[in-house]
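Everything on this sheet refers to the single structure shown next.
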Amino acid sequence: MKIKYTGVDISNELLKIAKKENSDQHKRSNATSLSCTFVNDDIANYVKTLKQESFDFIIGIASFQHVSTRKERISLMKNFYRLLSYEGKLIMTNRALSLRFLQKHKIQILRSLLEYLISLGKRSTRDIMVPRSSQTNSKSSVLGAHHSPLKIFRFYHMFGLAELKKLADMSGFAIEKLTYLNQDGKEILSRAQASNSFLVAKKDVFTIS
34 MKIKYTGVDI SNELLKIAKK ENSDQHKRSN ATSLSCTFVN DDIANYVKTL
84 KQESFDFIIG IASFQHVSTR KERISLMKNF YRLLSYEGKL IMTNRALSLR
134 FLQKHKIQIL RSLLEYLISL GKRSTRDIMV PRSSQTNSKS SVLGAHHSPL
184 KIFRFYHMFG LAELKKLADM SGFAIEKLTY LNQDGKEILS RAQASNSFLV
234 AKKDVFTIS
């Protein structure tokens, strides 16, 4: 069976890594059944350029959580539905608003609550700018020089299961699985102990919400 895979990422550097790993895997296994294409683009833009029923599966791993507005999230979900063949499936994971996350990012969560109040409810309390430290790109190599890590803030929308269900329903999907996963990838009921949410939704001829 021939598999055609299209990988989309806004980061060209990550795509370079993916291309290299794909090339190395082909050399090790002499695989000919997998054909890979890599696209450097924003997924929200890229999906608009594609024809209806282009894919049998669409998989989003920790990506949908970075879409910054409700309008864009609805548009993207509807495009996912349009691009899937009938009986095709959307599979996605997103970061969960766990107890560990709440404890780790207290300041950012309080800032999000403040922005919600200042905006009179126009900003979501689940829109959070999460800091991540990275090495500096300094070209100097002075012995004994100290370079502080570069702190980068990334946008996260912290989905609950109810919101994911609503988005899937609005877009026409039939939900096959909607749950939380722990660090080991096992299903759990508690959001507080979860690492990610997990959604499997199908494009069905007859969808009953």
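Counting in our numbering, the sequence shown runs from 34 upward without gaps.
Just so you know, even glycine gets a beta-carbon here, dropped at the ideal spot from N, CA and C.
Comparing alpha-carbon positions, which option in the options lies nearest residue i?
i	options	result
VAL72	GLU86, LYS52, ILE140	LYS52
LYS184	SER204, ASP202, MET203, MET162	MET162
LYS122	ILE36, GLU220, PHE239, ALA207	ALA207
GLY218	GLU120, VAL238, ALA129, HIS99	ALA129
GLU105	SER131, VAL80, LEU132	VAL80
ILE221	GLN85, LYS199, MET34, LEU194	LEU194
PHE239	GLY40, GLU120, LEU197	GLU120
GLY40	ILE151, ILE94, GLN85, MET34	ILE94
Quick test of your reading: residue i and residue j, contact by CB under 8 Å. State the CB separation rounded to the nearest angstrom.
i	j	result
LEU211	LEU232	5 Å
ARG159	MET125	With a Cβ gap of about 16 Å, ARG159 and MET125 do not count as contacting.
SER228	GLN216	5 Å
LEU200	ILE107	7 Å
On the three-state DSSP scale, how would you describe residue i?
i	result
PHE239	coil
GLU120	strand
PHE188	strand
THR82	helix
LYS210	strand
LYS139	helix
ASN215	coil
ARG128	strand
ASP160	strand
LYS37	strand
LEU232	strand
ALA51	helix
ILE91	strand
ILE43	coil
Given this structure, state the Cα-to-Cα distance separating residue i from residue j, to the nearest angstrom.
i	j	result
SER173	TYR149	Note that SER173 has pLDDT 48, beneath the 50 cutoff, so the model's placement of it is unreliable and the number below is only indicative. Using only the alpha carbons, I get a separation of about 42 Å.
LEU146	GLN226	22 Å
LEU48	ASP42	7 Å
HIS59	ARG144	47 Å
ALA234	LYS111	12 Å
ASN127	SER62	31 Å
TYR38	GLU46	19 Å
ASP243	ILE36	Examination of residue 243 is not possible in this model, given that the chain is present from 34 through 242 alone.
SER44	GLN98	16 Å
ILE142	MET34	47 Å
LYS139	LEU132	10 Å
GLU86	LEU109	15 Å
Would you check if the distance between the CB atom of residue i and the CB atom of residue j is smaller than 7 Å?
i	j	result
TYR114	SER223	no
LEU116	LEU83	yes
PHE188	SER96	no
ASN55	CYS69	yes
ASP89	SER118	yes
PRO182	SER166	yes
PHE134	PRO164	no
Can you tell me whether residue i sits near the ligand FAD, meaning its C-beta is under 6 Å from at least one heavy atom of the ligand?
i	result
GLY121	The ligand content of the structure shown is nil, which means the ligand FAD is not present either.
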